[in-house]
Amino acid sequence: MSTIAGAGLVMMAIYLYFAPTLPDTQDLLDTELQTPLRVYTQDGRLISEFGTKRRSPIRFQDTPPRFINALLASEDDGFFEHMGVDFKGLARAAFELLSTGQKRSGGSTITMQVAKNYYLSSEKTFSRKFTEILLALKIEKALTKQQILELYLNKIYLGKRAYGIEAAAQVYYGKPMRELNLAQQAMIAGLPQAPSAANPINNPERALKRRNYVLARMRELEMISQQEFEQAAKAPITARYHGPESEVSAPYVAEMARQFAVERYGNAAYTAGYRVITSVDSKRQQAANEALQRGLLNYDRDHGWRGQGEVLPVVMQSDSQLPDAQPSVADAQSPAQVDWQATLPAWQAYLRDQPDQGVLKAAIVSRVDDKEAWLYTRQGEIRLPWSGIEWARRHVNVDIIGDPLKTAGEVLEPGMTVWYEMRDGAPVLAQQPEVEGALVSLAPEDGAVQALVGGFSPASNSFNRAIQAERQPGSAFKPFVYSAALANGFTPATIINDAPVVFEDASLENTWRPQNVSGKFYGPTRLRQALYKSQNLVSIRVLKRLGPQTAIDFISPFGIPASKLNRDLSLALGASALSPMELATGYAVFANGGYAVEPYVIDRIEDDDGQVLFEHHPAQACEAVADDLQQLEQDMQRSLGLNTPTPRCAPRVIDERTHFLILTMMQDVVKRGTGKRALALGRNDLAGKTGTTNDQKDAWFAGFNPSLATTVWVGFDQPVTLGRWAYGSNTALPIWVDYMKQALDGVAERPYQQPEGIVSVRIDPETGLLAPPQQSGAIFEYFRQENVPTEMAKPAANSEQEQQKSGIVPEQLF
Numbered sequence: 001m002s003t004i005a006g007a008g009l010v011m012m013a014i015y016l017y018f019a020p021t022l023p024d025t026q027d028l029l030d031t032e033l034q035t036p037l038r039v040y041t042q043d044g045r046l047i048s049e050f051g052t053k054r055r056s057p058i059r060f061q062d063t064p065p066r067f068i069n070a071l072l073a074s075e076d077d078g079f080f081e082h083m084g085v086d087f088k089g090l091a092r093a094a095f096e097l098l099s100t101g102q103k104r105s106g107g108s109t110i111t112m113q114v115a116k117n118y119y120l121s122s123e124k125t126f127s128r129k130f131t132e133i134l135l136a137l138k139i140e141k142a143l144t145k146q147q148i149l150e151l152y153l154n155k156i157y158l159g160k161r162a163y164g165i166e167a168a169a170q171v172y173y174g175k176p177m178r179e180l181n182l183a184q185q186a187m188i189a190g191l192p193q194a195p196s197a198a199n200p201i202n203n204p205e206r207a208l209k210r211r212n213y214v215l216a217r218m219r220e221l222e223m224i225s226q227q228e229f230e231q232a233a234k235a236p237i238t239a240r241y242h243g244p245e246s247e248v249s250a251p252y253v254a255e256m257a258r259q260f261a262v263e264r265y266g267n268a269a270y271t272a273g274y275r276v277i278t279s280v281d282s283k284r285q286q287a288a289n290e291a292l293q294r295g296l297l298n299y300d301r302d303h304g305w306r307g308q309g310e311v312l313p314v315v316m317q318s319d320s321q322l323p324d325a326q327p328s329v330a331d332a333q334s335p336a337q338v339d340w341q342a343t344l345p346a347w348q349a350y351l352r353d354q355p356d357q358g359v360l361k362a363a364i365v366s367r368v369d370d371k372e373a374w375l376y377t378r379q380g381e382i383r384l385p386w387s388g389i390e391w392a393r394r395h396v397n398v399d400i401i402g403d404p405l406k407t408a409g410e411v412l413e414p415g416m417t418v419w420y421e422m423r424d425g426a427p428v429l430a431q432q433p434e435v436e437g438a439l440v441s442l443a444p445e446d447g448a449v450q451a452l453v454g455g456f457s458p459a460s461n462s463f464n465r466a467i468q469a470e471r472q473p474g475s476a477f478k479p480f481v482y483s484a485a486l487a488n489g490f491t492p493a494t495i496i497n498d499a500p501v502v503f504e505d506a507s508l509e510n511t512w513r514p515q516n517v518s519g520k521f522y523g524p525t526r527l528r529q530a531l532y533k534s535q536n537l538v539s540i541r542v543l544k545r546l547g548p549q550t551a552i553d554f555i556s557p558f559g560i561p562a563s564k565l566n567r568d569l570s571l572a573l574g575a576s577a578l579s580p581m582e583l584a585t586g587y588a589v590f591a592n593g594g595y596a597v598e599p600y601v602i603d604r605i606e607d608d609d610g611q612v613l614f615e616h617h618p619a620q621a622c623e624a625v626a627d628d629l630q631q632l633e634q635d636m637q638r639s640l641g642l643n644t645p646t647p648r649c650a651p652r653v654i655d656e657r658t659h660f661l662i663l664t665m666m667q668d669v670v671k672r673g674t675g676k677r678a679l680a681l682g683r684n685d686l687a688g689k690t691g692t693t694n695d696q697k698d699a700w701f702a703g704f705n706p707s708l709a710t711t712v713w714v715g716f717d718q719p720v721t722l723g724r725w726a727y728g729s730n731t732a733l734p735i736w737v738d739y740m741k742q743a744l745d746g747v748a749e750r751p752y753q754q755p756e757g758i759v760s761v762r763i764d765p766e767t768g769l770l771a772p773p774q775q776s777g778a779i780f781e782y783f784r785q786e787n788v789p790t791e792m793a794k795p796a797a798n799s800e801q802e803q804q805k806s807g808i809v810p811e812q813l814f
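Position one of the sequence shown corresponds to residue 1 (the numbering used here), numbered consecutively onward.
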């Protein structure tokens, strides 16, 4: 009795010594798990996540009971009976350690592991172990078994950066825990013992043994039937690494969101479980991804095949045979010479390391015939038809490609690594293009970014061309200059002479002899016609009359920084470097009726409880509200206890009549000018402008309807020519059309309304003056009421011949 009493006194002394150092177990319920930053589209689809720990907290009641059984069978089958400490298990573990020098069985309960994971270090000392025991007893008194188990489910490390069972299910199987089968759940339940060394990716054999041990324990404890055990124990390992499961590819948007969150919240943004909800629409983002990639691939194919990829070894052996899983490749060589058993592992390893590049997928050439080839892919072997190969004529330079191919063997050989894309249900040979591009699409009513792509490859977002590439927009800038002119007395019928001109301008450093792209001169030209034909010399003369500073003062309120605008006549030709985002911002003014909105990509940020930490309240395009009326509305809301912010109206920067005039001129760019390809959309509410810079170094199309303002840029990162035949109309515009076709699907047409004070008048197309009665070839033109011509044009003796001579073609506007 004295011995027992003495031991009791020792235990009591130890408890009294450690008890004051034990933390408050109630703090466990307030613990904030380190959860990564997640970025979502406006419609709730995951774009990306950032943080060193993958975690998806799960509640006990949402955890499948079968997994709970698997975990208890593996880790602590007496969990619901003991008081937090398994003293028999501890004694058994201690005896094994003393007698064999090795730890063969664990003595830690789930409650003890919770104590260690939340409060204690991993050092192996007596004092830490004893503190763990005391803390486990304290936790059991303070929390329910379900609360303890929930803490364990969410904290335990399970390998591959996965913390908690839900994250592990996503990492290893790409599914939530509730969708896993028995074998998969048992696999995860067996991970806590050795998550790094015995997970199914790092060590499949060891993980399989551990999984089957868990299943055997479940059968022993009668948690599953014999049939369930046998079926699950025979199941193959299906685990593979699943990175953060992005539902929408928008890496450039994700990086913008990450930077915003870190600037606002510091490094806590990576661990606090914040949700960044962007303004991006998932459907439009996907359409933008595909349109830009396919457009750049089209350009790339038009300029030839630059050379073969890496050639992987093809192991040769007579009488070789392919494994049953890939019978089609067995016939790839005749006579059979390839040792597929030896060849395929290296090929499969290569393909596993090659993530898809958007529409591009990696493959290896397995067989080459005269007019076809076969590709080995992650899904098996597919046939590459001649229609997907024949484009690959040799690239000579940006303007020249080699002779037509005669056989597939001229460019392909077995073992060659290639890329392909699927078009119209068939694979097409591809290569990663050297040309780059960007697309920005804004909701014009408030500037919300609907889609943004900053380059071809979704795997590289270090340089976001949508916001960082500053390039000359060329003629896509002309609508701003023409708008300034219309606001300062010009009309769409103002006649400007399109003729050779030489400027001796000190600010331009030397003599400047601008030309039209065609190299031709068209004589007296109406302003409307000059815009849709993109005549450079007219634009220069307009700006010279207007004055560069007057134009800059008018244009900069559109959201285009005045500091970036050239203060000389080169401004008329779009020689000022702008980003695609800045150009899209300016075009949003044309789209929304004349209001300057600020583009934004972050809609709001929520914490892990759904509380809104930040919310963007953009100014909206609306009729200006008088200050006193706006104040009255705010006072009324305040008196009613409403916190809804009054919408802010964006400033009007172009009056409605000027807006309507430039709008109709930009609509003509689509109807009869350089933007005709947009007619393929079959809509009547489209307007825009092409742009091509000197030597075809940059190709643009910026266009809009009342629902979307979208800008596309194509060029090389280091400015060099795209080729003598590359223009905005055939390089950037097709991408814009492909995107808008999807983005506007189901969106009803919204015609712009003719404002009061605008009238339509019949004029002479040569002079811009009122057309005499009965004049053939007269057209209708819009004017401000006060700017209607008062002079009547003189009848021409042979107006049709004169029009042909001057290059002016009779037309009807509407």
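Backbone N, C-alpha and C fix where the C-beta goes; we use that ideal spot for every residue, glycine too.
Just so we're clear, the structure is a prediction, and the values are computed from it rather than from any experiment.
Distance CB(residue i)-CB(residue j) smaller than 7 Å
i: T658; j: A551; result: no
i: G447; j: P618; result: yes
i: A198; j: R206; result: yes
i: V589; j: F558; result: yes
i: V453; j: L442; result: no
i: G159; j: P195; result: yes
i: E656; j: P751; result: no
i: R394; j: G304; result: yes
i: A392; j: V411; result: yes
i: P479; j: K689; result: yes
i: R471; j: D300; result: no
i: L543; j: T494; result: no
i: F60; j: L149; result: yes
i: W700; j: A476; result: yes
Extent of the continuous alpha helix (DSSP H) run through residue i
i: G675; result: Element bounds for G675: n/a, residue is neither H nor E.
i: L151; result: K145 to K155
i: W347; result: W340 to R352
i: F590; result: P580 to N592
i: M256; result: P251 to Y265
i: G295; result: S282 to D302
i: L72; result: P65 to E75
i: Y482; result: K478 to L486
i: V365; result: No alpha helix (DSSP H) contains V365, which is instead part of the beta strand (DSSP E) from K361 to V368.
Exposure label - residue i; buried when at least 16 CB within 10 Å
i: V737; result: buried
i: M581; result: buried
i: P795; result: exposed
i: S563; result: exposed
i: G437; result: buried
i: D43; result: exposed
i: G489; result: exposed
i: T238; result: exposed
i: K141; result: exposed
i: D498; result: buried
i: K116; result: buried
i: G273; result: buried
i: S776; result: exposed
i: N464; result: buried
i: G101; result: Because the pLDDT at G101 is just 48, under 50, the model does not fix this residue reliably, and the value given afterwards should be weighed accordingly. By the 10 Å Cβ count, G101 comes out exposed.
Supposed contact pair residue j and residue i - C-beta distance, whole angstroms, cut 8 Å
i: L37; j: A287; result: Their Cβ separation, rounded to whole angstroms, is 26 Å, which puts L37 and A287 out of contact at 8 Å.
i: P734; j: R677; result: 6 Å
i: N154; j: I58; result: 7 Å
i: V653; j: Y739; result: With a Cβ gap of about 26 Å, V653 and Y739 do not count as contacting.
Residue i, enclosing beta strand (DSSP E) - first and last residue
i: A821; result: Since the displayed the chain opens at 1 and closes at 814, residue 821 lies outside it and no answer follows.
i: L442; result: E436 to A443
i: Y40; result: L37 to Y40
What are the uninterrupted segments assigned as beta strand (DSSP E) that are 3 or more residues long and contained completely in the stretch 721 to 764, given in chain order?
758 to 763
Mind pulling the alpha helix (DSSP H) runs of 4 or more residues that sit fully within the stretch 145 to 232?
Unbroken alpha helix (DSSP H) runs of no fewer than 4 residues, entirely contained in the stretch 145 to 232, are found at 145 to 155, 165 to 173, 182 to 189 and 204 to 220, following chain order.
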